[in-house]
Amino acid sequence: MPDARITVPASVPRGKPFEVRVIVRHPMETGYRTDESGKSIPRNVIRSLTCRYNGEVVFSARLSSGIAANPYLRFFVTAKESGQLAFEWVDDAGARGTDGATLTVA
Amino acid sequence: MTKPGSRFCSRTLKPRRRWLQSGAALALLPWIPGHAAADELPQIPAMTAFLAGRKPVSERVRLTLPQLADNGQTVPMKVSVDGPFTPATRVTAINLFSEANPVPEMAQFDFPVYVERIEVESRVRLAASQKIVAVATLADGALLASAAEVIVTIAGCMDGT
């Protein structure tokens, strides 16, 4: 299963937006490519990616083949309490991935 | 759409032709406005369906893409919406539409809770030179749009060879 790299600041001030960066390792196959034998490679992209902050959904994305391989996202979330950012994503093949980061709110 | 990106995939061209092609694109660059105003949004059927007759205004939202992308496989994209926002006028979603990709609905970003800074960065694939449109939806139903034009020298629809 593909994995991810999540970056959040070491410490964030309460009530302020903080930057979240995530890169998921995934080929984002468009479905338009062929392999060496000329057989077409089926489409397999991450359809949806959700970010939960202490259980609450704070950001989600619906992606397509128009997003580059190893999808990268950078967005902002409002700091409330120290806790967990949990990511979950699912691709066309039905494969699910999860990863998380720990956040310290000062 | 015919075969995706066939027109722009320069794979079959001789290297010298490819050089000439990218040179021509560079020469044209000063004449082409990098960022078109939203009142001249390109005609994208998927976007027209999404808008369903509603008229987006061309303010506060900014879509940033390079004017010239050497490689359509991975093109940095940034979209931001200027505040201030209130819970009643916060941004709930941003949709990205492509004029020339085989899949016109590139992405949708949802903001289910209030955040005062709306900024999303990603990397997109572009099948050909085209305009990209970002439409931001506010909680009160208002729509904001921004378009950016990108010249792509190597299409992102084929394999990397």
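Protein chains in written order, with our numbering: chain L, 178 to 283; chain Y, 3 to 163. Beta carbons: idealized from backbone N, C-alpha and C, even for Gly.
So residue i contacts chain Y; which residues on that side make the cut at Cβ distance below 7 Å?
i, result
"L/A245", "Q75, T76, R125, V126, R127"
"L/V254", "V117"
Can you find a CB in chain L that lies within less than 8 Å of the CB of residue i?
i, result
"Y/A40", "Unreliable placement is indicated for Y/A40, whose pLDDT of 44 sits below 50; no coordinate value is reported for it."
"Y/V105", "yes"
"Y/V122", "yes"
"Y/D84", "no"
Note down, in chain order, every chain Y residue with its Cβ under 9 Å from the Cβ of residue i.
i, result
"L/P190", "None at all; the shortest Cβ gap to chain Y is about 13 Å."
"L/R182", "Those do not exist, as L/R182 stays about 14 Å from chain Y at its closest Cβ, beyond 9 Å."
Just how far apart, CA to CA, sit residue i and residue j?
i, j, result
"L/L235", "L/E213", "Position check: residue 235 of chain L holds Val in this sequence, whereas Leu was assumed. Those two C-alpha atoms are separated by around 42 Å."
"Y/T66", "Y/R125", "11 Å"
"L/F252", "L/K193", "13 Å"
"L/V185", "L/G260", "12 Å"
"Y/P86", "Y/R119", "9 Å"
"Y/E42", "L/V201", "35 Å"
"Y/T139", "Y/L145", "5 Å"
"Y/G55", "L/L280", "43 Å"
"L/P190", "L/L250", "22 Å"
"Y/S60", "L/R224", "29 Å"
"Y/R64", "Y/A150", "9 Å"
"Y/A71", "Y/S100", "15 Å"
"Y/A141", "Y/T94", "6 Å"
"L/P248", "L/H203", "7 Å"
"Y/V117", "Y/R92", "8 Å"
"Y/Q45", "L/G215", "34 Å"
"Y/T50", "Y/V137", "11 Å"
"Y/Q75", "L/A245", "6 Å"
"Y/V81", "Y/F111", "10 Å"
"L/I218", "Y/V83", "37 Å"
"Y/I96", "Y/I134", "13 Å"
"L/L226", "L/D268", "9 Å"
"L/W266", "L/V197", "16 Å"
"L/I183", "L/N231", "16 Å"
"Y/G158", "L/K257", "40 Å"
"L/G243", "Y/E107", "8 Å"
Can you list the residues of chain Y that residue i reaches, using a CB-CB cut of under 8 Å?
i, result
"L/P194", "V117, E118, R119"
Using a Cβ cut-off of 8 Å (strictly closer), state whether residue i contacts chain Y.
i, result
"L/V197", "no"
"L/E233", "yes"
"L/R239", "yes"
"L/R229", "no"
"L/P248", "yes"
"L/R251", "yes"
Which residues of chain L have a Cβ atom closer than 9 Å to the Cβ of residue i, listed in chain order?
i, result
"Y/V154", "By Cβ distance, chain L contributes nothing, its closest Cβ being about 13 Å from Y/V154, past 9 Å."
Since residue i meets chain L, which of its residues come closer than 8 Å, beta carbon to beta carbon?
i, result
"Y/A109", "A238, R239, L240, S241, G243, I244"
For residue i, which residues does DSSP report across the bridge?
i, result
"L/Q261", "L/T279"
"L/A187", "Answer is none; L/A187 lacks a bridge partner."
"L/E206", "L/N221"
"L/Y249", "L/I200"
"Y/Q110", "L/R239, Y/N97"
"Y/S60", "In DSSP, Y/S60 forms no bridge with anything."
Applying a beta-carbon distance threshold of less than 7 Å, which residues of chain L neighbour residue i?
i, result
"Y/S176", "Summary: the structure shown does not reach residue 176 of chain Y, with chain Y confined to residues 3 through 163, and so no result is reported for it."
"Y/F113", "F236"
Under the assumption that residue i contacts residue j (Cβ atoms under 8 Å), give the Cβ distance between them as a whole number of angstroms.
i, j, result
"L/Y209", "Y/P104", "7 Å"
"L/S188", "L/A272", "Not a contact, Cβ separation roughly 34 Å."
"L/T255", "L/A263", "16 Å between Cβ atoms; not a contact."
"L/E206", "L/R229", "About 27 Å; that fails the 8 Å criterion."
"Y/V115", "Y/Q132", "Actually they do not touch by this definition, with Cβ atoms about 33 Å apart."
"Y/A90", "L/L240", "Not quite, the Cβ-Cβ distance comes to about 29 Å (not below 8 Å), so this is no contact."
Between residue i and chain C, is any beta-carbon pair separated by less than 8 Å?
i, result
"Y/P89", "In the structure shown, chain C does not exist; the protein chains are L and Y."
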